[in-house]
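The sequence shown lines up with residues 0 to 638 when you count with numbering that gives the first Met the number 0.
Ideal placement from N, C-alpha and C gives every residue a C-beta, glycine not left out.
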Amino acid sequence: MKRSFLLILIFILIYLPVIKAVEFSEKEKAVIYTNAVKVLENYQTVINQMGEFVVNDIEKAKSSSEGFLELFVNRQVLLFNDLDPSHKLSEFYEAETYASNVLLWYPDGLSISLDLGNAKVSNIITHDETVYSLDIMVKKTMNGNYLNQTMNKNTEELTFRIAFGTGNKSVGNFRIVGIRNAASNMLIDYSKALQEVNAENFNNEDLAKIQAEVKNKLRDYANFLSLLGDPQETADDKEFYKTSFTGLFANTDIKLFNDIAPSPATKLISVSEYLANYVIDYPNGIRNLSVTADSTKFGNVMKNEDGSYYTYANAVKFFSGSYKGKEVFRENFPLIFKVSFNAAGKTFTDFKFNSIDISSQDFYESATGDGAENKPELVIKPVTRKGLWLMFTGGFGQTQINSADINSMASARTPYSWDVTPKYGLNAGVGATYNFTDNIGVRSGLEFNTFSSNYALFTDNLRNKDLSYDINNDPFYKIVDSDMDSLVKMSFLTFPFMVNYTSGKPGKLGFYGEAGVKVSIPLNTTYNASGNYETSGYYPEDGSIQTAPELGWFYKRENFNESDDVTLRGVNLGMYFSAGVNIPIGYYSNINIGPEVMIGLTDVMNHVNNYRDIFDNIYEHQPTKINNFGIRISFAYKL
């Protein structure tokens with residue numbers, strides 16, 4: 000994707016500059032605007048880092064400047080010169096020169112701010128089926144001491160042209176291809192701008208000598224790489240070629256365009272990294288490598304501050320090889336070589352490569368070729384969570400059916416206790432969320448919930464403390480022997496009413512929190528009881544124990560197993576809480592994963608007035624409430 004974008008950017012945007020508006024959906028535009036604004040945020044951040052580090056740590060400042068250059072299509076992109084507060088110097092500098100001047104001209108530091116909240120954007124224009132660009136107009140405020148002589152607090156309205164590519168139904172590779180003053184009528188042309196920046200006058204004879212030497216260097220560049228990639232060459236000879244190749248550059252830290260990796264994570268790498276990757280990634284050697292030295296196009300010759308000179312050479316490189324010994328990587332690269340040299344009279348020596356980058360030009364060439372471009376006027380509408388979302392939820396966890404009637408038996412007139420074990424339940428639902436902001440919204444919908452608990456009763460000749468009377472009016476004490484289990488299951492149709500919060504910006508990993516009330520309507524309640532249960536009576540008048548059923552209360556059930564339904568009425572209310580991680584899937588869908596808690600507020604058995612214990616003692620009914628503690632996962636998609 001990255002490679003295709005850069006290549007099409009050259010052959011289409013340079014040589015076939017047909018610009019027209021293109022239609023994207025509102026969602027697609029929002030994604031494009033969001034990514035373009037991210038580039039400007041990074042632009043602001045990196046310049047401020049450079050301005051901070053230059054005061055105390057020049058090496059960190061230089062490192063940040065490399066990050067600054069990564070924001071651009073290449074190092075030769077032209078930037079409006081807002082570093083000179085009086086605007087007496089050149090109107091444009093290349094990105095590499097601009098970065099160097101930040102460090103040189105603002106030794107006491109520099110900070111900038113972009114008024115991104117009021118930025119305006121142009122229509123998106125297409126240059127090919129997969130390459131597009133747009134303009135963002137934004138006010139940039141400087142704050143620094145220029146050359147320790149003049150405070151630069153200028154506010155300039157700048158237009159950033161940002162290009163991007165498409166592929167696999169997504170957009171990417173957002174890069175800055177030019178920055179100009181929004182009030183300027185000038186349409187940037189790469190070759191024209193170069194003529195205005197420190198161009199030196201050499202006669203045709205001298206230029207011929209310089210260009211001939213540069214062509215020789217290009218041939219050496221291609222030759223050494225070809226020999227290094229030839230599996231027939233000996234290891235000793237390859238070490239010589241490595242040394243010779245390194246000698247073509249001013250130093251081993253010089254940055255080269257990474258044209259040997261199909262999808263490079265970093266587009267500019269050092270000479271030493273380039274050589275190491277070249278050997279490791281092509282263990283079987285290369286198939287073909289050439290540079291069109293004879294048809295090289297040259298830029299003007301400029302003078303460095305140290306008295307040396309430099310020029311640019313545009314040449315096409317063809318490369319073919321089995322990447323990591325597997326798939327064949329084959330590509331043409333229009334490269335731009337920056338070459339420095341020294342001059343003494345008519346003698347030109349010490350030609351060295353200072354950088355090798357992918358070439359691009361003329362992003363600002365219009366379809367008609369004349370007239371100033373219109374200023375961006377559209378309000379930027381980046382990706383937002385605001386609006387209506389469709390949500391699917393599911394959960395699994397431990398549920399509790401807490402009966403205060405059963406729990407109270409531990410303090411009854413004849414105390415005993417049930418062994419209550421929470422069981423597991425499921426919930427699934429569909430609903431809608433409406434976000435009022437990027438972070439706050441409300442949710443409702445329809446859910447199906449299940450709850451279950453197990454009740455076990457174990458008694459061994461448990462005798463009631465109160466006297467009872469049989470059908471003959473003889474007094475006795477009731478006795479219960481029990482070894483039984485009862486599994487209770489409840490299901491509800493639930494309507495959630497939630498308020499939720501999601502942290503961070505759309506498309507970023509964050510956390511969520513949700514709280515509210517669940518209103519549930521009972522659907523079905525069942526129980527399954529099994530085990531052994533026997534009642535008997537102790538007659539204190541004669542000390543006997545009777546079990547005869549004809550006396551009215553006594554019975555015995557062995558190895559029984561029975562199921563039945565229970566009717567619930569009314570509406571149940573529960574307080575709900577959930578919090579966890581929000582995982583974006585693109586910009587318009589996400590997954591939430593986290594624990595959830597539902598605490599019952601009302602009595603699901605509110606239609607019952609009295610409760611009878613195992614001895615048929617009557618008590619006033621106490622509430623039965625349901626709880627849930629589990630894990631929730633939900634998927635949401637913005638409509």
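message: Report the CB separation of ASN448 from ASN426 in whole angstroms; it is logged as a contact under 8 angstroms.
response: 4 angstroms
query: Considering only C-alpha positions, which residue in the set TYR145, VAL36, GLY573 is nearest to THR158?
result: VAL36
- request: Reducing DSSP to helix, strand and coil, say where GLN43 ends up.
  value: helix
- prompt: Rounded to a whole number of angstroms, what is the C-alpha to C-alpha distance between TYR131 and SER321?
  reply: 31 angstroms
- prompt: Assuming GLY143 and TYR105 make a contact with CB atoms under 8 angstroms, what is their CB distance in whole Å?
  reply: 4 angstroms
Bridge-paired residues (DSSP) for ILE439: TYR500
- prompt: Does DSSP put PHE614 in a helix, a strand or coil?
  reply: coil
field: GLY428, buried or exposed, once every other Cβ within 10 Å from all chains shown has been counted against 16
entry: buried
field: Selection from TYR42, SER633, GLU156, VAL30 that minimises the alpha carbon distance to GLY430
entry: SER633
task: May I ask you to report which of helix, strand or coil DSSP gives GLU204?
output: helix
query: On the three-state DSSP scale, how would you describe ILE632?
result: strand
query: So, is the C-beta of ILE379 closer than 8 angstroms to a C-beta in chain C?
result: No chain C appears in the structure shown, which is made up of a single protein chain.
field: Helix, strand or coil at ALA292 [DSSP, three-state]
entry: helix
- prompt: Distance, Cα to Cα, ALA260 vs LEU88?
  reply: 39 angstroms
message: Let me make sure I understand the geometry here. Which of ASP612, LEU334, THR149 has the alpha-carbon closest to that of ASP258?
response: LEU334
- request: Please work out which residues of its chain come closer than 7 angstroms, Cβ to Cβ, to GLY324, disregarding the five sequence neighbours upstream and downstream, and give them in chain order.
  value: PRO282, ASN283
message: Can you list, in chain order, the residues of its chain with a C-beta nearer than 6 angstroms to that of ASN571? Leave out the 5 residues immediately preceding and following it.
response: SER519, THR601, VAL603
query: Is ILE46 closer than 8 angstroms to ILE641 when the C-beta atoms are compared?
result: Only positions 0 to 638 of the chain appear in the structure, and residue 641 is not among them; the question remains open.
- prompt: By Cβ distance, which residues of its chain are closer than 8 angstroms to GLY386, with the 5 residues on each side in sequence left out?
  reply: TYR433, ASN434, LYS637, LEU638
- request: Taking all protein chains shown into account, decide if ALA264 is buried (16 or more other Cβ within 10 angstroms of its Cβ) or exposed.
  value: exposed
- prompt: Taking the alpha helix (DSSP H) that ASN276 falls in, what are its first and last residues?
  reply: 270-280
- prompt: Between the Cα of GLY396 and the Cα atoms of GLN621, ARG160, VAL596, VAL176, which residue gives the shortest distance?
  reply: VAL596
task: Identify which residue in ASN303, SER485, GLY177, ARG462 has its Cα closest to the Cα of ALA478.
output: According to the sequence shown, residue 478 is Ile rather than Ala. Here the closest residue by C-alpha is ARG462.
task: Identify which residue in PHE340, ALA249, SER121, ILE268 has its Cα closest to the Cα of ASP205.
output: PHE340
message: Counting C-beta neighbours from all protein chains within 10 Å, is the total for ASN200 16 or more, i.e. buried, or is it exposed?
response: exposed
query: Between which two residues does the beta strand (DSSP E) carrying VAL101 extend?
result: Segment 94-104 is the alpha helix (DSSP H) holding VAL101; no beta strand (DSSP E) there.
query: Are there 16 or more other CB atoms within 10 angstroms of the CB of THR524, so buried, or fewer, so exposed?
result: buried
task: Please list, in chain order, all residues of the same chain as SER485 whose beta carbon is under 6 angstroms from its beta carbon, the five residues on each side excluded.
output: TYR454, TYR526, ALA528
- prompt: With DSSP run on the structure shown, which of helix, strand or coil describes TYR322?
  reply: helix
field: Supposed close pair PRO84, TYR145 - CB separation, criterion 8 angstroms
entry: 5 angstroms
Range of the contiguous beta strand (DSSP E) that encloses SER354: 346-357
message: Applying the 10 Å Cβ sphere with the 16-neighbour rule, what's the burial state of VAL378?
response: exposed
query: Does the Cβ-Cβ distance between MET497 and ARG442 come in under 8 angstroms?
result: yes
- request: Given a cut-off of 8 angstroms, decide if TRP552 and GLY530 are closer than it, judged by their beta-carbon atoms.
  value: no
query: If you drop the 5 nearest sequence neighbours on each side, which residues of the same chain put their C-beta closer than 7 angstroms to that of LEU522?
result: SER490, PHE491, LEU492
query: In the structure shown, what three-state DSSP assignment does ASN342 receive?
result: It should be noted that the sequence gives Ala, not Asn, for residue 342. Strand.
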